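Same order as they appear, the protein sequences are chains A and B.
Sequential numbering of the first sequence, starting at 7, is according to this note's numbering.
Sequential numbering of the second sequence, starting at 11, is according to this note's numbering.
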Amino acid sequence: MNFTFSEDQEIFRDAFKKYLESNVTPEKIRSGWEDNMPFNQARWHELEELGILQSNLDEKYGGLGLDLVTSCLLVEEMGYYALPEPAAEQIFLSNLLINKSIDIAELIEEKNQFIGVTHSLSPNILFLDNSSKQINLGEDSISIVSSKDINGKKLKSSDPSRDLTNFIFENSDSGLLQTLNDQKSLVNNVATSGMVMSAAILVGLSRKILDLATAYTLDRKQFGKPIGSFQAVKHMLAQAAIEIEFSKATLYRAAYSLDNDNPLQKLHAAQAKLQAIDACEMASRNSMQAHGAMGYTWEMDLHIFIRRGWSYKQVWGNKSLLENYIMNQLEKDLPKLGSTYTFL
Amino acid sequence: MKIGFSDSQKKFRDEIRGWLEKNVPKIPLKSFDTKEGFEEHREWEKKLNSGNWSMVTWPKQYGGRGLNLIEWLIFEEEYYRAKAPARVNQNGVFLLGPTLMEYGSDKQKEKFLSAMATGEHIWSQGWSEPGAGSDMAAIRTTAFKKGDKYIINGQKTWSSRAAFADWTFGLFRSDPESERHRGLSFILVPLDAEGVTVRPIPQLDGEPGFAEIYFDDVEVDVSNLLGGEGKGWSIAMATAGFERGLMLRSPARFQETASKLLSLYFKNKDNLSGSIESKVLQSWLRAEAYALNIYQTASNLMAGKKIGPESSLGKVFWSELDHQMHQTALDILGVSSELEEVVADDVASWIKGYMFSYSGPIYAGTNEIQKNIIAERLLGMPR
Ligand SMILES: Cc1cc2nc3c(=O)[nH]c(=O)nc-3n(C[C@H](O)[C@H](O)[C@H](O)COP(=O)(O)OP(=O)(O)OC[C@H]3O[C@@H](n4cnc5c(N)ncnc54)[C@H](O)[C@@H]3O)c2cc1C
């Protein structure tokens, strides 16, 4: 049992963090919003050059072949900086599909380009104009479609960093390159991966949202002192810190289980996502409260992170779906509950 | 990262499981907050020691097995799984033990650790005083040095197990000129010393789970001072860290309660509302989250990292969880939940646990104090 990160994992994460710190600033995110182009092609290339996009892609496809715990740490930072480009999706969804299916690997020649992935847990197409191909996951089939042939209706998200298109099904054969059948287990695997991905983003967001609030409460004065010296404010933020702390190990275990094909990976992923949802909601509400009216403005950066959480709480497994799933699992596995089964 | 147990850890699990299956009393012992039950639990500590199970992380020379924190967590899991008796000497083995290991002289370790492991010395803690609760630096009980003795005067209170315990450890003001957290010393005091009066205090369940301790010119040998004179505060903070964190409240306890709650829920499910269901589910999730966090913390400690104020995060988390689980169980039991009788569904243990869960947010430093620590020392907010 060694539940620590390796030095390599931490070094890679920290280097990436440095890049994000200077290259994914709220100003840059806002300028993408203003131009209606949240996807920054130049930044996508930088992510490619840094090895982030291919970090978990098999080496035989030119990737670094890193494990999903490392990916999880990278994606957590993508959340922390609210990276608009769908690099998390590329890593946890399309790279996973390519790694696991030779058929898909053969159809996707340009593996550094963004490949959108849809599923009933996240049905709208993300960044259609920036993707070359689109992979649609059915219940047990997978179809690969050429993006330029897809007709869809643009949808406005409450998070301007998310460029969404609703796929129009009446002409679903247009651009269809291939449909693979009998893919149930791979589809499930990707859905689980999406849960871990979205949980990692939420944990990163929560940390950032809390950091913004603590910084603000040191700065803002009322009654002649920083509002951070008031105990009511302290306790709100302490409570958020507690929720965040107890979402982390659950998340890393889920990434580990996914990486190691643990038979309980979906349960672990669902646990991680639920903890992350609660942490993010607590951090968002309490940090907003600690900001007063300033937090409720478009001008303050806080909402860039909060609204990203609103989306990721719902896509790739939301509370209701996850709770139902876990409750059914627990009822089935009742004899196996208890402390001696945590690491089964 | 490698999550999972090694073969030797699995063997260790089998060994402790086997031993407990053979040795855990078939009939539950009486409560350790009664005289008779206390002695039954002392016997149990002795039995544990006979199998070298008192504290598996201690060095072999003191009755331990020299094992690591992961193995200790495994031990705890098996211990709760087997429904083995509560540890009457938990203040000793989980709190004073590690403190002695870090700050004690060889002589003190020699004298106290083995007697602790065998249950010969059962320990209570003496921090709180009538005027010093959350504000522990307001301690007024004095221990002034005279020759090779400390002369102790004053009063401690809320001291768990002190009603029947043999020894107490705590903080005393050794420097008459000192104020607040300076000039305090960490001293070990035998409760049968002349001048000590122990007055038991019945708790919510009616039993004397804690006590007041009066000191009237009590003489203790200077060799009972732990660490240097006047160094008591920082040593006490280390002990408090053990108490808040993984030592006193290992996750198995909460995970076992959570699975008991799940069984209770599924048995009665058809008559229960959705809000009960979601609380049951949340209880399980949070008990697991606590366990995973503690395993990661243990791994980090073993890799040489330190934990400080982080233990306050866990203290709030487990104490709120414990309350939520018991509250939910009573909501499921409904009209029978008030019965302190041995009836179906283990009602009596839920109401007892529920009462005790009210104290979790108070003892080991109240949750408000923990949140102050989190805000000021982890988040850097101003005092
Ligand atoms: C079951 C149980 C077992 C115990 N066992 C022991 C033991 O073995 N040895 C021992 O020494 N003590 C023991 N205690 C005592 C325990 O440590 C104290 O109760 C605790 O430190 C709080 O002190 P107090 O009771 O004086 O409450 P107070 O300090 O009077 O606090 C009352 C309320 O005011 C709040 N408050 C106080 N100061 C602040 C502040 N600065 N900011 C915000 N809120 C504040 C508290 O959070 C609490 O809600 C035990 C207590 C219980 C309930």
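Quick reminder that beta carbons are idealized off the backbone N, C-alpha and C, glycines included.
Here the structure is a predicted model, which means the values were calculated and not measured.
Considering only their Cβ atoms, is the gap separating Phe327/B from Tyr364/B smaller than 8 Å?
In the second sequence, the residue the question calls residue 364/B occupies position 354. In the second sequence, the residue the question calls residue 327/B occupies position 317. Taking 8 Å as the Cβ cut-off, Tyr364/B and Phe327/B do not qualify as a contacting pair.
CB-CB length for Leu302/B against Thr346/A, believed under 8 Å:
Within the second sequence, numbered from 1, the residue matching residue 302/B stands at position 292. Within the first sequence, numbered from 1, the residue matching residue 346/A stands at position 340. Rounded, the Cβ-Cβ distance is 15 Å, inconsistent with contact.
Any beta carbon from chain A within less than 8 Å of Asn310/B's own beta carbon?
The residue labelled residue 310/B in the question sits at position 300 within the second sequence. By this cut-off, Asn310/B is an interface position.
Simplified DSSP assignment, three categories, for Asp355/B
Locating residue 355/B in the second sequence gives position 345, where the first residue counts as 1. Note: Asp355/B maps to helix in three-state DSSP.
Pick helix, strand or coil for Arg183/B, following the three-state DSSP scheme.
Against the second sequence, residue 183/B aligns to sequence position 173. Arg183/B falls in the strand class under three-state DSSP.
Given a cut-off of 8 Å on the beta-carbon distance, is the pair Glu249/A and Ala285/A in contact?
Within the first sequence, residue 249/A is the residue found at index 243, counting from 1. Within the first sequence, residue 285/A is the residue found at index 279, counting from 1. Cβ distance < 8 Å, so Glu249/A and Ala285/A count as in contact.
Measure the beta-carbon distance from Ile58/A to Leu80/A and round it to whole angstroms, keeping in mind my assumption that it falls under 8 Å.
As a working mapping, residue 58/A is identified with position 52 in the first sequence. As a working mapping, residue 80/A is identified with position 74 in the first sequence. Going by Cβ atoms, the distance from Ile58/A to Leu80/A rounds to 6 Å, so yes, they are a contact pair.
Would you verify that the beta carbon of Ser134/B is, or is not, closer than 8 Å to some beta carbon of chain A?
As a working note, residue 134/B is residue 124 in the second sequence. Not an interface residue.
Which residues of the segment 329-343 of chain A have a Cβ closer than 8 Å to any Cβ of chain B? Give them in chain order.
Glu329, Ile332, Met333, Leu336, Glu337, Leu340 and Leu343
Val206/B and Lys159/B closer than 8 Å at C-beta
Position 196 of the second sequence, counted from the first residue, corresponds to residue 206/B. Position 149 of the second sequence, counted from the first residue, corresponds to residue 159/B. Taking 8 Å as the Cβ cut-off, Val206/B and Lys159/B do not qualify as a contacting pair.
Euclidean distance between Cα positions of Val75/A and Leu183/A
Here the question's residue 75/A lines up with position 69 in the first sequence. Here the question's residue 183/A lines up with position 177 in the first sequence. Distance between the alpha carbons of Val75/A and Leu183/A: 33 Å.
Can you tell me whether Glu145/A is helix, strand or coil according to DSSP?
By 1-based counting over the first sequence, the position of residue 145/A is 139. Residue state, collapsed to three classes: coil.
With 8 Å as the threshold, decide whether the Cβ of Gly390/B is near any Cβ in chain A.
On the second sequence, residue 390/B is found 380 positions in, with the first residue counted as 1. Chain A contact via Cβ: present.
Using 8 Å for Cβ pairs, my map puts Asp202/B next to Lys362/B. What's the rounded Cβ distance?
Locating residue 202/B in the second sequence gives position 192, counting from the first residue. Locating residue 362/B in the second sequence gives position 352, counting from the first residue. Incorrect: roughly 30 Å between the Cβ atoms, too far for contact.
If we count Cβ pairs, one from each stretch, closer than 8 Å, do we get three or more for the segment 301-320 of chain A versus the segment 229-243 of chain B?
no
Along the alpha helix (DSSP H) that carries Lys156/B, what are the first and last residues, could you check?
Residue numbering aside, residue 156/B sits at position 146 when the second sequence is read from its first letter. Here Lys156/B belongs to no alpha helix (DSSP H); instead the beta strand (DSSP E) covers Thr152 to Lys156.
Assuming contact is defined by CB atoms lying nearer than 8 Å, are Leu343/A and Leu350/A in contact in what I supplied?
Taking the first residue of the first sequence as 1, we reach residue 343/A at position 337. Taking the first residue of the first sequence as 1, we reach residue 350/A at position 344. No, these two residues do not count as a Cβ contact at 8 Å.
Ala354/B versus Arg259/B, Asn278/B and Arg209/B, residue with shortest Cα-Cα distance:
Translated into positions along the second sequence, residue 354/B becomes position 344. Per the Cα distances, Asn278/B.
Count the C-beta pairs between the segment 20-40 of chain A and the segment 62-74 of chain A that are closer than 8 Å, then say yes if the count reaches three, no if not.
no
Taking the C-alpha atoms as reference points, what is the distance between Leu243/A and Glu251/A?
Within the first sequence, numbered from 1, the residue matching residue 243/A stands at position 237. Within the first sequence, numbered from 1, the residue matching residue 251/A stands at position 245. Between Leu243/A and Glu251/A, the C-alpha separation is close to 12 Å.
Taking all protein chains shown into account, do 16 or more other C-beta atoms lie within 10 angstroms of the C-beta of Trp304/A, making it buried, or fewer, making it exposed?
Counting from one through the first sequence, the residue named residue 304/A turns up at place 298. Looking at its Cβ environment, which holds fewer than 16 other Cβ atoms inside 10 Å, Trp304/A is exposed.
Going by the DSSP bridge assignment, what does Gln228/A pair with across the sheet?
Position 222 of the first sequence, counted from the start, is the residue given in the question as residue 228/A. DSSP lists Lys231/A as partners of Gln228/A.
Measure how close the beta-carbons of Pro261/B and Ala297/B come, nearest whole angstrom, since I'm counting them as under 8 Å.
Counted from its first residue, the second sequence places residue 261/B at position 251. Counted from its first residue, the second sequence places residue 297/B at position 287. That pair is a contact at about 7 Å.
Heavy atoms of ligand 1 versus C-beta positions, residues under 5 Å
Gln135/B, Trp137/B, Ser138/B, Gly143/B, Ser144/B, Trp168/B, Ser169/B, Ser170/B, Ser369/B, Ile372/B, Tyr373/B, Thr376/B and Glu378/B
Is it right to say Met300/A is buried, meaning 16 or more other beta carbons lie within 10 angstroms of its own, or is it exposed?
For the purposes of this step, residue 300/A is identified with residue 294 of the first sequence, where counting begins at 1. With fewer than 16 Cβ atoms within 10 Å of its Cβ, Met300/A is classed as exposed.
Taking the straight line between their C-alpha atoms, what separation do you get for Ile342/B and Leu291/B?
Translated into positions along the second sequence, residue 342/B becomes position 332. Translated into positions along the second sequence, residue 291/B becomes position 281. Roughly 14 Å separates the two Cα atoms.
Helix, strand or coil for Leu132/A? Go by DSSP, reduced to three states.
Position 126 of the first sequence holds residue 132/A. Reduced to three states, the DSSP call for Leu132/A is strand.
Drop a sphere of 10 angstroms on the beta-carbon of Gly28/B, count the other beta-carbons inside from all chains shown, and report buried for 16 or more, exposed for fewer.
Indexing the second sequence from 1 puts residue 28/B at position 18. The residue in question, Gly28/B, is exposed, as its Cβ has fewer than 16 Cβ neighbours within 10 Å.
Starting from the Cα of Glu52/A, find the closest Cα among Tyr87/A, Asn118/A and Phe9/A and give me that residue.
On the first sequence, residue 52/A is found 46 positions in, with the first residue counted as 1. Among Tyr87/A, Asn118/A and Phe9/A, the Cα nearest to that of Glu52/A is on Asn118/A.
Following the continuous beta strand (DSSP E) through Leu186/A, name the residue where it begins and the one where it ends.
Along the first sequence, one-based indexing puts residue 186/A at 180. Where Leu186/A is concerned, the enclosing beta strand (DSSP E) stretches over Leu182 to Leu186.
Beta-carbon contacts of Thr338/B that lie in its chain and below 7 Å, excluding the five residues immediately before and after:
What you label residue 338/B is simply residue 328 of the second sequence in a count that begins at 1. Closer than 7 Å at the Cβ level, and outside the excluded window around Thr338/B, lie Leu271, Ile286, Lys289, Val290 and Ser293.
Interface partners of Arg91/B on chain A, CB under 9 Å:
What you label residue 91/B is simply residue 81 of the second sequence in a count that begins at 1. Chain A residues near Arg91/B: Gly344, Ser345 and Thr346.
Might you give, ordered along the chain, the residues of its own chain that have their beta carbon closer than 8 Å to the beta carbon of Ala358/B, omitting 5 neighbours on each side?
Position 348 of the second sequence, counted from the start, is the residue given in the question as residue 358/B. Same-chain partners within the cutoff: Leu349, Glu350, Glu351 and Val352.
Between the C-alpha atoms of Met111/B and Pro166/A, what's the straight-line distance to the nearest angstrom?
Mapped onto the second sequence, residue 111/B falls at position 101. Mapped onto the first sequence, residue 166/A falls at position 160. The alpha-carbon atoms of Met111/B and Pro166/A are separated by roughly 57 Å.
Taking Trp322/A as the reference, give the member of Ser290/A, Phe120/A, Met84/A and Ile283/A with the closest Cα.
On the first sequence, position 316 is the one that residue 322/A refers to. Closest by alpha carbon: Ile283/A.
For Phe182/B and Ala125/B, what's the separation of their Cα atoms in angstroms?
The residue you call residue 182/B lines up with position 172 of the second sequence. The residue you call residue 125/B lines up with position 115 of the second sequence. Rounded to whole angstroms, Phe182/B to Ala125/B spans 24 Å at the Cα level.
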